[in-house]
Ligand code: MN
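In our numbering, the protein residues as written are 1 to 486.
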């Protein structure tokens with residue numbers, strides 16, 4: 001049985017977060033609006049309506065291109081892509097074809113193995129979104145044009161992706177970057193970011209690519225990986241059986257866990273692209289492009305590298321802390337506040353990743369909620385309490401959770417609930433004697449040479465003090481008492 005090589009390319013459609021639509025002043029903020037309430041003569045494609053390019057959409061698309069290491073072309077043109085479909089009121093989509101806004105970029109993905117791979121970006125172009133068809137139970141179809149004309153970026157990767165895992169990581173990385181620079185909401189469920197995947201399979205050693213199958217409209221990261229894994233196996237099975245893979249468009253049926261044929265490419269429409277006569281070529285000066293470059297924030301990969309080297313974090317921790325920009329900003333602000341009271345970056349990373357993310361997961365809340373749940377000042381106050389020895393680590397975890405849930409200042413919680421660590425030797429020494437008296441069997445084991453038995457006795461002291469004993473002191477007092485009574 002020959003080995004097979006799979007080749008994958010992605011086409012990602014990302015809505016641009018502008019206030020108005022791509023070619024007129026009609027509101028692009030349609031979420032939750034009644035059907036057909038965000039429409040205009042332009043977005044409905046009424047005769048005689050003329051498109052005017054949305055400058056902010058061009059700025060955001062150029063910024064995106066730069067963030068994806070593309071060249072922003074000083075000249076690009078709009079074209080008409082003709083196809084008859086009810087969700088497209090004009091009968092054509094205004095898009096960019098042979099002269100896109102951005103071209104020749106790349107991103108880097110990091111595999112589970114830790115290895116990195118560079119994935120080429122062929123182009124990023126601007127177009128308009130379509131309306132939405134809603135198929136009713138009675139067999140009729142309804143149309144909502146609120147989405148018609150919303151600005152879209154289409155981002156096309158090179159066929160550099162070898163596995164379903166790499167495809168998912170590429171989609172995730174592009175989402176991370178677009179959300180990071182503020183041009184896209186990243187909301188896959190609402191369709192603000194959608195992915196089509198092209199995949200072909202060929203026997204190892206064969207130079208020519210196999211027939212390409214396009215899987216349309218995948219709206220989750222998990223589905224991208226599952227759909228491609230299924231489709232690669234399906235194509236290999238066809239080839240193994242001596243068959244021929246048909247070039248076609250398929251959809252992913254998550255319920256059945258398989259891809260389903262939709263239409264054959266042989267009968268694909270001829271889109272009859274031609275330059276849009278109502279929009280002049282888009283010409284950008286070198287100065288304008290340089291100004292966009294100057295607006296770019298530090299990007300996630302650069303920030304991750306800086307977190308690793310500047311704060312001595314592990315690659316895994318640096319990765320988690322730079323998934324989203326508000327979390328990265330929060331972390332850096334918390335480090336500054338914690339260092340002022342004797343804490344370290346590692347202390348902050350541990351609180352955020354261990355306790356913070358754990359509680360968010362338990363409460364089913366997104367990571368960015370941590371910024372409100374545990375303001376920087378509260379996290380720094382908690383780190384201060386631990387650094388000063390006012391509370392021990394176990395109590396600190398309880399205080400973190402109480403503060404996370406109530407919004408109360410940790411210092412106030414400790415004062416009000418009397419949680420201050422007991423570091424009074426006289427008080428703890430009497431607890432140590434009680435614990436020794438109550439556990440003769442463990443004490444005998446300890447004296448018999450099993451020194452690890454002391455852990456149990458320390459635990460009993462913590463229990464007797466509602467977790468408030470200074471554990472180091474408790475251990476020392478136990479050791480001293482056990483030695484003295486011998
Ligand atoms: Mn498109």
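For each residue, glycine too, the CB sits at the ideal point set by N, CA and C.
Review point. Are residue 341 and residue 384 closer than 9 angstroms when you measure CB to CB?
Key: yes
For ligand 1, I want to know if residue 95 counts as a neighbour, meaning its beta carbon is within less than 8 angstroms of at least one of the ligand's heavy atoms. yes
Check your understanding: For residue 50, is the beta carbon positioned less than 8 angstroms from some heavy atom of ligand 1?
Key -> no
- prompt: Which residue spans inside the region 184-247 form an unbroken beta strand (DSSP E) run of at least 3?
  reply: 193-203, 213-218
Answer yes if the region 100-107 comes into contact with the region 59-75, meaning at least three C-beta pairs across the two stretches below 8 angstroms, and no otherwise. yes
Check whether the region 165-180 touches the region 22-32, taking contact to mean three or more Cβ pairs, one atom from each stretch, closer than 8 angstroms.
no
Check whether residue 249 and residue 214 have beta carbons under 9 angstroms apart | yes
Shortest alpha-carbon distance to residue 206 belongs to which of 452, 185, 7? 7
Taking 9 angstroms as the cut-off, decide whether the C-beta atoms of residue 189 and residue 31 are in contact. no
(Q) Can you check which of these residues, 403, 119, 150, is closest to residue 377 by C-alpha distance? (A) 403
Q.
On the CB-based measure, 16 or more other CB atoms within 10 Å of its CB, does residue 134 come out buried or exposed?
A. exposed
_residue 297, DSSP secondary structure in three states_ = coil
### Message
If we require 3 or more residues per run, which beta strand (DSSP E) segments fall completely within the region 369-419?
### Response
none
Local conformation of residue 64 per DSSP, three classes
helix
Considering only the alpha carbon of each residue, which of 119, 124, 348 lies closest to residue 400?
348
Self-check item: Residues that DSSP places opposite residue 437 in a beta bridge
Solution: The partner list for residue 437 (beta bridge, DSSP) is empty, contrary to what the question assumes.
Q) Closest by CA to residue 336, which one among 311, 128, 423? A) 311
- Query: Nearest to residue 325 by alpha carbon, out of 299, 314, 345?
  - Reply: 299
(Q) Which residue marks the beginning of the alpha helix (DSSP H) containing residue 348, and which one marks its end? (A) 345-350
List the endpoints of the continuous alpha helix (DSSP H) containing residue 459.
-> 454-464
Report task. Kindly indicate which residue of 14, 99, 235, 145 has the alpha-carbon position closest to the one of residue 41. Result -> 145
For residue 15, which of helix, strand or coil comes out of DSSP? strand
Query - the region 44-55 contacting the region 235-249, beta-carbon criterion three pairs below 8 angstroms - result: no
Original post:
Can you list, in chain order, the residues of its chain whose CB lies under 8 angstroms from that of residue 380, leaving out five sequence neighbours each side?
Top reply: 334, 337, 338, 340, 341, 343
Short of 6 angstroms in beta carbon distance, which residues of its chain neighbour residue 94, apart from the five on each side in sequence? Order them along the chain. 78, 128, 276
| query | At which residues does the alpha helix (DSSP H) containing residue 331 begin and terminate? | reply | 325-339
Since residue 166 is in the beta strand (DSSP E), which residue starts that stretch and which ends it?
Taken as a continuous stretch (DSSP letters only), residue 166 belongs to no beta strand (DSSP E), being part of the alpha helix (DSSP H) at 164-180.
Just mark residue 84 as buried or exposed, buried being the case when its beta carbon has 16 or more other beta carbons within 10 Å. exposed
| field | Spatial neighbours of residue 86 in its chain, beta-carbon cut-off 7 angstroms, leaving aside the 5 residues before and after | value | 133, 143
Would you call the CB atoms of residue 101 and residue 61 closer than 9 angstroms? yes
(Q) In whole angstroms, give me the CA-to-CA distance for residue 471 and residue 422. (A) 9 angstroms
For residue 471, which of helix, strand or coil comes out of DSSP?
helix
Cα-Cα, which of 449, 448, 417, 473 is closest to residue 459?
473
Any heavy atom of ligand 1 inside 8 angstroms of the beta-carbon of residue 152?
yes
Q) Is residue 468 closer than 9 angstroms to residue 395 when the C-beta atoms are compared? A) yes
Checklist entry - At what residues does the beta strand (DSSP E) containing residue 93 begin and finish? => result 92-95
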